[in-house]
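S.K.:
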Amino acid sequence: MKGFLAIGLIALLITACNPLDRSDRTPEEAIPQNAVFILKVHDPAAAKRELEQNDYNSGSVPSVQILTFLSQLNDLNIDEPGYLAALPAEGDSLSYLYISRVPGQVIEVDSLDPTDETPVDSLSSEAAETQSESGFSKIRIGNLEFRSRDSGLLNDLRESDFKDGPPLKLLSLLKKSGSGKPLTLFVDSDKADSLDLLNQKESSRKWSDLAGTLALDLSTASDKLQWTGVGVPNDSLPSLLTLFEHTQPTINSLASLAPEGADGILTLSFTDHTVFAENQRKSYPKARASDTLFRTVEEIGLVFQGNNRAVLMNTYGALSLSEYLLRMRSSSYDYQGKEIGELSPDDLLEAAFPSLLKDFKFTHYTALDNAFVFSESKEFLELIIRNINSGSTYDTSASYQSAREELAEASSLLLLGDKDKMEKIAAELLPSGLVQLSNASSMQDPLLAFQVVADRSFSHLNLLQKRKSGRSRKQGVNPRFTIQLDAPLANTPQFVTDHRNNKKEIVVQDSENNLYLISSEGKILWKKELGGPVQGRIEQIDLYKNGRLQLAFTTSNQFLVLDRNGKEVAPFTKKFPGAILNPLAVFDYEGNRNYRFVVTQGSDVRMYNGKGNTVSGFKYTKAESAVLDRPKHFRIGTRDYLVFRLEDGTLKILNRVGDTRVAVNEKIDFSENDVYLYNDKFIVTDKTGTLFSIDTRGKLTNTRFNLAKDHGMDATVKTLCLMNDNELTIKGNKASLDLGVYTKPRIFYVYDKIYVSVTDIQTQRAYLFDSNAIPFTGFPVYANSPIDLSDIDNDRRVEIAAKFEENSLIVYSLN
């Protein structure tokens, strides 16, 4: 009996010599207390695949400790889950230790309680066993295996008592991290900061500037790299996460105020500004946030675009701030329906939100209901307003749409944007080691996102790099590009065909009589000064019947033909002194490009052939009174009809040689609308809103529609469209629009589909409807003129062009 007791005591003493030599020791409890980085490997094979998809296994940059640490996993020949720990060594180097169970030994531990352990059958202490595998040596102590390249570290493990494992808070995180991800990275910020001091710039952010402890899961795919997890603040030190203690995030909405072309946004949100302000003072004692002005703020952010910055702010009640701004501003002006206030440079926002703003003094602002936009320049603020009015905001951008499915809807902090353009902002906000984690991917043109979601005593973290999908939220219409001209636009931008590729280009004139040709990508190809404003639409012709197209038009006193390079084509530069010319009429009777050009000026009528010579056989050279607008050519059956509206109310319908083909005996007080062919009849309206219909025998019928004097009309052979006050009628189908001042409707027929457009010139909104008077999704859009519509790039999706601002035009794409 005594012999057995002696043997038991000897065994107990042997076991007590090294606390690791226990059968119930878990790998996380054996992690040395001075571990800087810890990688919990749930599935070794899957973890290696995750790292291999990026640059984590490439040896990394020696000075970037976190990347060098992650690359160690690739050299380990392991099958057992465990922990890879980085431990300080001589100088600023690291030693790496992998801890796992002896294969075949399993202990079930309650992942929710870091102190409970479930005992298993005891294992006797074994002698140390070493072997080389990819430079790593292995020893076994009790039920655990240890691997390291540092033989001194392994020897120390045999001799150390290891009374202290990881800090309790870290140990709790280690045991609770039972995610389905292959690996989880843990960072002890204090230790990581000490290690990084020798390797980072003094201005770089430290790990402890973000949180005290971090636990992040890695997930990768061909188009993304993502670290998600939690951050736990240091109880005694302020950090980024402590800004949001005892607050909750609000749903992010500032992206709807930022321009679509922004480089990125950085936003903060909170449910209680007073609590946020108190948290902020811990890190920024000089912060002077006025609770009177800002207590209703829920979300504040910065938008970046090139060298421009603006502050975006959402509130749930803006009265106090609005009154302050009204008192402080020196002047204001209206811009696209929004009032812009101007004031001396003001650091109010920087003083109130130093955690977000640095060197920001706004000089212009605008209020949008309970939201505000503050800018350092009026130009950037005006650009933001233009984008809001046109619906081309950041929440429709490729970056935002690609990221939103990976992000929570509500954020305490959100950084999002083009990675290359937002790297500097990220470096000023995040620890340099965390930035390096996002730089490991070789993805082309990715977005970068970092999100914090405050939650009781910790925060959820999400670091994302992802390839932009190019998708857009708006399924109806999206801005394609805008172009700034040297002077205000003088006419409506018009699509013309590039004969080299059958794509569309844009021709437009400014108020200084400069004519521009703009490519389908938005590049100005040439600019030509003309002698006067272009009259009406520009016609395209194939003068030499070789497929190369020219532009034909009249100005106030010239008839011109230009080639695609803007050079005048002889002998068509013809000048006409006297009254202003009407728009040019181009007739191609047989569709064989034997053109007839009709120039009308007052009561004079001149017809030219394709060589620029007067057509001697055309008899109608002098009208009974002044010709209104350009004459029209229609064909019914095999007969041609040339139709002239005259100032005295006469409707002349002639044949090719200028003789009367259809006699119209009644005079009509013509409205501002043109003459059209509808159901094989010529239709016009008068100023009382009566529609006159004339058949090919001269029979005239009239229908009283009781239209307003300034009504609008357009028609094709089978479609009639009327705009009367705010009511649009298309083929008998009606649509009621908001009260406004509308342009004439215009019918477009593209790919066997009818589009009808009108523009409210008061609110600068363009509408687009189908043949049933149903509006297209995404309309109205911001436009300062009637639109033109065509397929600009042959993708069977149509685009529209319109005047945008005084000096700019915009092209939208319909999806």
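So the sequence shown is numbered by UniProt numbering: it starts at 1 and just counts up by one. All C-beta atoms, glycine included, are put in the ideal place defined by N, C-alpha and C.
So, is A45 buried or exposed, given that buried needs 16 or more other C-beta atoms within 10 angstroms?
M.R.: Flag for A45 reads exposed.
S.K.: Specify the secondary structure class of N478 as computed by DSSP and reduced to three states.
M.R.: DSSP places N478 in strand when its eight states are reduced to three.
S.K.: Going by beta carbon distance, what residues of the same chain come within less than 7 Å of V657, once the five residues before and after it are set aside?
M.R.: Counting only Cβ-Cβ distances below 7 Å, and skipping sequence neighbours, we find G617, F618 and K619.
S.K.: Leaving out five residues before and five after N702 in sequence, what residues of the same chain have Cβ atoms less than 7 Å from its Cβ?
M.R.: So the list reads T690, L691 and F692, once near-sequence residues are dropped.
S.K.: Of all the CB atoms in chain B, is at least one closer than 8 Å to the CB of R500?
M.R.: Considering every chain present, this structure includes no chain B. It has just one protein chain.
S.K.: Please classify D156: is it buried, with 16 or more other beta-carbons within 10 angstroms of its beta-carbon, or exposed?
M.R.: When all chains shown are included, D156 counts as exposed.
S.K.: State the Cα-Cα distance for the pair L809 and N502, rounded to the nearest angstrom.
M.R.: In a straight line, the C-alpha of L809 is about 22 Å away from that of N502.
S.K.: With H, G and I counted as helix, E and B as strand and the rest as coil, what does DSSP make of F244?
M.R.: F244 falls in the helix class under three-state DSSP.
S.K.: Between the Cα of residue 816 and those of S432, L243, N389 and R456, spot the shortest distance and give me the residue it belongs to.
M.R.: Since the first and last residues shown for the chain are 1 and 815, residue 816 lies out of range.
S.K.: Please report the Cβ distance between Y365 and G337, rounded to the nearest whole angstrom; I am assuming they are in contact, meaning their Cβ atoms lie under 8 Å.
M.R.: In fact, because the Cβ distance is near 16 Å, the residues do not count as touching under 8 Å.
S.K.: On the DSSP bridge list, what partners appear for I66?
M.R.: Note: I66 sits in no beta bridge, so no partner.
S.K.: According to the neighbour-count rule (16 or more other Cβ atoms, all chains shown, within 10 Å of its Cβ), is N592 buried or exposed?
M.R.: Exposed, because fewer than 16 other Cβ atoms sit within 10 Å of the Cβ of N592.
S.K.: For a test of the three-state rule: what should DSSP assign to L210, helix, strand or coil?
M.R.: Coil.
S.K.: In three-state terms, what does DSSP make of Y335?
M.R.: DSSP places Y335 in strand when its eight states are reduced to three.
S.K.: Quick one: measure Cβ to Cβ for F360 and V187, integer angstroms, because I've assumed they're closer than 8 Å.
M.R.: Actually they do not touch by this definition, with Cβ atoms about 31 Å apart.
S.K.: Just checking my contact of T492 with S785 at CB under 8 Å: how many whole Å lie between their CB atoms?
M.R.: 5 Å between Cβ atoms; contact.
S.K.: Taking E590 as the reference, give the member of Y608, L562 and T638 with the closest Cα.
M.R.: If we check each option's Cα against that of E590, T638 comes out closest.
S.K.: Given a threshold of 16 other Cβ atoms within 10 Å of its Cβ, counted over all protein chains shown, does E624 qualify as buried or as exposed?
M.R.: Classification for E624: exposed.
S.K.: Going by the DSSP bridge assignment, what does T184 pair with across the sheet?
M.R.: Looking at the DSSP assignment, T184 forms a beta bridge with K40 and D217.
S.K.: Per DSSP, what are the beta-bridge partners of T703 in this structure?
M.R.: L691, per the DSSP bridge assignment.
S.K.: Assuming V373 and L257 make a contact with CB atoms under 8 Å, what is their CB distance in whole Å?
M.R.: Yes, V373 and L257 are in contact; Cβ-Cβ is about 6 Å, under 8 Å.
S.K.: For residue 828, which three-state DSSP category applies?
M.R.: No answer is possible for residue 828: it lies beyond the span of the chain, which begins at 1 and ends at 815.
S.K.: Is it a yes or a no for the segment 305 to 319 touching the segment 261 to 271, going by three-plus beta-carbon pairs under 8 Å?
M.R.: With the cut-off at 8 Å, the segment 305 to 319 and the segment 261 to 271 touch.
S.K.: Per DSSP, what kind of secondary structure is N155 in: helix, strand or coil?
M.R.: N155: helix per DSSP, three-state reduction.
S.K.: Report the residue ranges of all beta strand (DSSP E) runs contained in full by the segment 728 to 759; include only those spanning at least 3 residues, in chain order.
M.R.: DSSP runs (the beta strand (DSSP E)) wholly in the segment 728 to 759: 733 to 736 and 746 to 750.
S.K.: Can you tell me whether A287 is helix, strand or coil according to DSSP?
M.R.: A287: coil per DSSP, three-state reduction.
S.K.: So, for F576: in the same chain, excluding its five sequence neighbours on each side, which residues have a beta-carbon less than 6 Å away from its beta-carbon?
M.R.: The residues are N557 and Q601.
S.K.: Please report the distance separating the alpha-carbon of L416 from that of A30.
M.R.: Roughly 39 Å separates the two Cα atoms.
S.K.: Let's see if you can read the secondary structure: which residues bound the beta strand (DSSP E) around S95?
M.R.: Taken as a continuous stretch (DSSP letters only), the beta strand (DSSP E) holding S95 covers L94 to R101.
S.K.: So, helix, strand or coil for A801, using DSSP?
M.R.: In the structure shown, A801 sits in a strand (DSSP, three-state: E or B).
S.K.: Among the candidates K622, E512 and K504, whose CA atom is the shortest distance from the CA of P488?
M.R.: For P488, the nearest C-alpha among the options comes from E512.
S.K.: Tell me the residue span of the beta strand (DSSP E) that contains M607.
M.R.: Unbroken beta strand (DSSP E) run through M607: D604 to Y608.
S.K.: Name, in chain order, the residues that DSSP records as bridge partners for V297.
M.R.: DSSP, once it has assigned bridges, lists T315 as partnering V297.
S.K.: To the nearest angstrom, report how far apart R101 and G82 are at their CA atoms.
M.R.: Approximately 7 Å between the Cα atoms of the pair.
S.K.: Pull up the DSSP beta-bridge partners for M713, would you.
M.R.: Beta-bridge pairing links M713 to L722.
S.K.: So what does DSSP say about E806, is it helix, strand or coil?
M.R.: Three-state result, E806: coil.
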